[in-house]
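Chemist: These protein sequences, in sequence, are chains R and W. Residue numbering for the first sequence follows the working numbering, starting at 63 and increasing by one per position. Residue numbering for the second sequence follows the working numbering, starting at 287 and increasing by one per position. We put the beta carbon where it would ideally sit given N, CA and C, even for glycine. Values in this document were obtained by computation on a predicted structure and should not be read as measured data. Here it is: the structure, laid out below.
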Amino acid sequence: MELQRKQSKQEDEQMCDLPEPIIHKILFLLNTKDAARTSVLSKTWQRAWTSFPRISFEELDFKAGDIEQPNYYPKTNKAIKMKKESFMAHIDKNLQSFLAHNSNVGEFTLNLTYHDKEFVLPRVVKWLTFATERKVKMNR
Amino acid sequence: MSNQSESPNPTSSSNKITLKTSDNEVFEVEEAVAMKFCTVKQYFDDENNNNVTSGTSTTLIPLPNVESHPLAILITYCKKHLEIKANNADNKKEMEIDMEHYEREFLKNVMPQELTELILAANYLNFKEALDFFCRAVASAIQNKSVEYVRKFFGLESDFKPGEEEKLREEFAWSFEGVDED
């Protein structure tokens with residue numbers, strides 16, 4: 063009796079978890095930020111996020127769109143630089159994680175407006191190499 | 287209703303198909319409705335290929351993975367979908383407007399838990415339009431919402447080991463900025 067109840071409870075819980083292809087369908091309808099946050103919901107959602115074939119990096123999500131200016135306070139410039147650094151560290155880390163999971167990437171979006179070419183360009187080249195090696199559909 | 291077998295109907299458009307759910311409820315639906323459920327259509331076509339000569343106009347199709355509650359809602363949705371399509375056969379724009387209006391009203395009567403049930407049923411039945419619609423509804427409902435809100439929405443509980451969730455929250459801290467208050 064107790065076992066039966068336990069079993070049916072387990073079934074009930076499983077009912078709540080959607081299959082991975084459906085979670086992916088929902089994630090495709092969300093923006094990157096909303097989609098990323100679902101990975102904290104449960105193990106099923108976290109796995110679905112790891113295998114989600116769309117990689118998208120938006121500097122807006124990191125509020126990293128500002129550009130350092132000589133006439134800004136040094137403090138402001140430092141804050142801008144830190145945001146950019148953390149955005150790029152996030153990209154590095156996530157691409158590494160995709161490599162580790164050997165996930166199939168179907169779509170790769172990179173949105174940035176940096177003018178600081180020397181600082182950014184080598185890394186962008188590295189990321190784009192990653193994307194083209196996987197023959198993904200490029201958005202930007 | 288009980289003597290269907292005595293009134294064979296040769297026109298396929300008014301043929302009825304009987305669906306039996308996992309909780310043993312029986313639904314009699316028009317063929318046009320049932321054929322929107324690709325899983326049913328597949329079953330129906332296979333059956334027909336096997337009994338070309340049997341000439342029966344009513345088929346019973348078991349749906350072991352669908353309960354009566356979501357099926358009833360899906361049938362209503364499907365009927366309306368076909369009706370709107372038929373009414374606006376030559377005006378795609380009008381059809382979209384009518385459909386949007388119907389779907390907005392439809393969602394007012396659906397609880398979040400039902401939405402999950404409907405998605406699973408639509409997925410099993412392979413009813414594409416409904417599945418797309420329900421996924422869109424879910425996506426717009428959880429947009430910019432906190433993890434707690436979304437868990438409640440899906441009836442989920444955290445199944446992470448202690449510490450795991452905190453680590454994830456730290457890693458995804460950037461995605462938590464500016465979400466709506468519950």
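In the DSSP assignment, what are the bridge partners of N173/R?
Modeler: E120/R
Chemist: Using a Cβ cut-off of 9 angstroms, pull out every chain W residue sitting near F114/R, in sequence order please.
Modeler: Within 9 angstroms Cβ-Cβ: nothing; F114/R doesn't reach chain W, min ~13 angstroms.
Chemist: Using CA coordinates, which residue listed in F462/W, D468/W and N301/W is at the minimum distance from K125/R?
Modeler: The candidate whose alpha carbon is nearest that of K125/R is F462/W.
Chemist: Note the first and the last residue of the continuous beta strand (DSSP E) segment covering I303/W.
Modeler: First-last of the beta strand (DSSP E) with I303/W: K302 to T307.
Chemist: Where in the region 332-410 of chain W do unbroken runs of the beta strand (DSSP E), each at least 3 residues long, occur, reported from the N-terminal end onward?
Modeler: 345-349
Chemist: For chain R, check one thing: does any of its Cβ atoms lie closer than 8 angstroms to the Cβ of A427/W?
Modeler: no
Chemist: Go through its chain and collect everything with a Cβ distance to Q66/R's Cβ below 6 angstroms, but skip five positions before and after it.
Modeler: The predicted model places Q66/R with a pLDDT of 47, which falls under 50 and marks its position as unreliable, so this point remains unresolved.
Chemist: Whole alpha helix (DSSP H) runs in the region 87-148 of chain R with 4 or more residues, listed along the chain?
Modeler: 94-99 and 105-112
Chemist: Among V433/W, D332/W, F440/W and G464/W, which residue has its Cα nearest to the Cα of R455/W?
Modeler: V433/W
Chemist: I want to verify the contact list: residues of chain R whose CB lies under 7 angstroms from the CB of R279/W, in sequence order.
Modeler: An answer regarding residue 279/W cannot be provided, because it is not within the stretch 287 to 468 covered by chain W.
Chemist: Measuring alpha carbon to alpha carbon, tell me which residue in N336/W, F313/W and K431/W is nearest G464/W.
Modeler: K431/W
Chemist: Give every residue of the same chain whose Cβ lies closer than 7 angstroms to the Cβ of Q76/R, excluding the five residues on either side of it in the sequence, and list them in chain order.
Modeler: A caution first: Q76/R carries a pLDDT of 44, below 50, which makes its placement in the model unreliable, though a value can still be read off. Excluding the 5 residues flanking it on each side, Q76/R has no same chain C-beta neighbour closer than 7 angstroms.
Chemist: According to DSSP, is E311/W helix, strand or coil?
Modeler: Three-state result, E311/W: coil.
Chemist: Exposed or buried, which one is S159/R when buried takes at least 16 other CB atoms within 10 Å?
Modeler: Under a 10 Å Cβ-count criterion, S159/R is classified as exposed, with fewer than 16 other Cβ atoms of the shown protein chains found around its own Cβ.
Chemist: Look at the Cβ atom of V319/W, then the Cβ atom of L368/W, and state whether they are nearer than 8 angstroms.
Modeler: yes
Chemist: Taking the alpha carbon of F419/W as the reference point, which residue from E389/W, N412/W and L411/W has its own alpha carbon closest?
Modeler: E389/W
Chemist: With C-beta atoms as the reference, is D445/W less than 8 angstroms away from S113/R?
Modeler: no
Chemist: Is it the case that the Cβ atoms of I142/R and A425/W are separated by a distance below 8 angstroms?
Modeler: no
Chemist: Given this structure, state the Cα-to-Cα distance separating R437/W from T94/R, to the nearest angstrom.
Modeler: 19 angstroms
Chemist: Using DSSP with H/G/I as helix, E/B as strand and the rest coil, what is E316/W?
Modeler: strand
Chemist: Using a Cβ-Cβ distance cut-off of 8 angstroms, determine whether I84/R contacts chain W.
Modeler: yes
Chemist: Using 8 angstroms as the threshold, is the C-beta distance between T307/W and L349/W below it?
Modeler: For the 8 angstroms CB-CB criterion, T307/W and L349/W form a contact.
Chemist: Whole angstroms is fine: what's the gap from N374/W's alpha carbon to C324/W's?
Modeler: 23 angstroms
Chemist: Listed from N- to C-terminal order along the chain, which residues in the region 122-147 of chain R have their beta-carbon within a distance smaller than 9 angstroms of any beta-carbon of chain W?
Modeler: D123, F124 and K125
Chemist: What do you reckon, are the CB atoms on K327/W and F413/W nearer than 8 angstroms?
Modeler: no
Chemist: Considering only residues of the same chain and omitting the five flanking positions on each side of A459/W, which have a CB-CB separation below 6 angstroms?
Modeler: none
Chemist: Does chain W have any CB closer than 8 angstroms to the CB of I117/R?
Modeler: no
Chemist: With burial defined as no fewer than 16 other Cβ atoms inside 10 Å of the residue's Cβ, what is the status of K146/R: buried or exposed?
Modeler: It counts as buried.
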